[in-house]
Each structure stands twice: as structure tokens, then as C-alpha cells.
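In this note's numbering, the protein residues as written are -4 to 115. Here a beta-carbon is modelled for each residue, glycine too, at the ideal position from N, C-alpha and C.
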Amino acid sequence: MKRIRDTNLMCGKLWKEEKRLKSLATKLIISGILIIVLSGLEKVLIFLSFKGQGVTDTLTLKALTPSIVWNVTESTRTFGIIILIAGAVLLIAGSNFVRNQIKTMKIRNAEFEAEETKRL
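The following block contains the structure:
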């Protein structure tokens, strides 16, 4: 009876852990998207600041903007992409499908090794 209770308790903990992992992954994805949008907004603001100077394309805008200011927008976008990818990887790694596939691969590998030892 105690083993069944421990198993149920463990499953409950795993379920809560999986729920936290999905929640964290969702938060990272949303944060990454918002940071990427912020980068785009920064570029729009830079473009609007040079509106009266005849800036119509990105190359002219980059030439007129100090490199430090332009690098801030680029690093913001890069950071947003990294956060977005981290969230997606967490979401995929935490999914039941991936866990089941890994478990199946381990079982098949153990069966294969058992057959190999029997042959030798």
C-alpha cells in the first residue's frame, strides 16, 4: 500500500514539475516575442527621428545613426531571438512525446544489448 501511495505522490510531483516547466517555457516564448517587438519599435523610433532629413531606406538610416545606438537595437533583437529559442527548446524538451520517444529508445537499446550479449 505504501508503494502505491509513494508512486501516486511521485506522479503528482512530476505533473507539477511538468506544469512548471511548460509555464516557464511559455513565459520565455512570450518574453522573447516582446523583446523582438521592442527591437522593432526602437528601429521605428530611430527612423522617425530622422524623418525630416530625407531618410527612405535602411542603409541611409544606418549611416546617419551612431553605431552604438544601432548596435543596441541589434543586440536587443538577438537577445529576444535567443530567449524565444530557449523557450521553444524547453517546451519541446518537456513534452510527453519527446519523453516517450527517449524512453522507447532506451528500452530498444537495452533489448539490443541483451541480444548482443546472448550472441556472444
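Discussion item. Tell me the rounded alpha-carbon separation between Lys113 and Arg94.
Written reply: Their backbone Cα atoms lie some 29 Å apart in a straight line.
Worksheet item: In the structure shown, what three-state DSSP assignment does Phe92 receive?
Response: The three-state secondary structure of Phe92, taken from DSSP, is helix.
Worksheet entry | Nearest-angstrom Cα separation, counted from Ala105 out to Leu115 | When rounded, the distance between both Cα atoms is 16 Å.
Practice prompt. Alpha carbon to alpha carbon, how far is Glu13 from Thr60? Give it in angstroms, no decimals.
Written response: If you take the alpha carbons of Thr60 and Glu13, they lie about 46 Å apart.
Practice prompt. Could you name the residues of the same chain whose beta carbon sits closer than 7 Å to that of Phe45, not counting the 5 residues immediately before and after it, in chain order?
Written response: Leu56, Leu59.
Practice prompt. Taking only the alpha-carbon atoms, compute the straight-line gap between Thr2 and Glu110 and give it to the nearest angstrom.
Written response: Low confidence applies here, because Thr2 scores a pLDDT of 47, under 50, leaving its location unreliable and the question unanswered by this model.
Worksheet entry | Lys101 versus Phe107: straight-line alpha-carbon distance, rounded | Approximately 10 Å, taken between the alpha carbons.
Practice prompt. Could you have a look at Val50 and say whether DSSP puts it in helix, strand or coil?
Written response: Of the three classes helix, strand and coil, the one that applies to Val50 here is coil, per DSSP.
Item to complete: Taking 8 Å as the cut-off, decide whether the C-beta atoms of Ala83 and Ile41 are in contact.
Response: Taking 8 Å as the Cβ cut-off, Ala83 and Ile41 do not qualify as a contacting pair.
Discussion item. Buried or exposed for Val50, going by 16 or more other Cβ atoms inside 10 Å?
Written reply: Burial call: buried.
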